[in-house]
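What follows is the structure in structure tokens.
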């Protein structure tokens, strides 16, 4: 029986670590997204560009806005939860209660009965798989947002260099 307890403890520790990692991606996305906005000084730079018709017109403003706003939206996308509740029973007729969706149980008694029927080790294992998938999704979204921000910074740098060379 201690082997089952050790398995449960290992899965629980892994689940805790995965949940911490998921929350960390949310925090990183919030911090980097806000930093990105401050670094760009978005509204002022685009407004300056738009007011100088010699350097850019409507097309320039639209492209600049798309370049600048896309990474902000991507950082926001990291925060958007992808996880969906499995409202039915899973393999073997087991009911999962770890990720509690309000549509699944109508009363506290139904939830208690489901908890009594579930296998804790299987429950934690299923939740670990779900959270690990969520973590990987958030990691990919975060890296994509960072890459988009890098591309935007590189393009803004190149455009500033081009404008300064035209001025010379």
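Numbering (the working numbering), first residue to last: 16 to 183.
All residues carry an ideal CB built from backbone N, CA and C; glycine is no exception.
A quick note: this is a predicted structure, and the numbers were derived from the prediction, not measured.
- Just measuring C-alpha positions, the residue of 95, 26, 46 and 137 sitting nearest residue 149 is 95.
- For residue 158, the closest of 140, 86, 179 and 75 by C-alpha to C-alpha distance is 86.
- In the same chain as residue 52, and ignoring 5 residues on each side of it, the C-beta atoms closer than 8 Å to its own belong to 87, in chain order.
- Shown here for residue 33: same chain residues with a beta carbon closer than 7 Å to its own, the five before and five after excluded, namely 143, 146, 147 and 150 in chain order.
- The residues 150, in chain order, have a CB closer than 6 Å to that of residue 36 in the same chain once the five nearest residues on each side in sequence are set aside.
- Considering only 117, 112 and 140, the residue with the shortest C-alpha distance to residue 127 is 112.
- Taking the CA atoms as reference points, residue 89 sits about 46 Å from residue 17.
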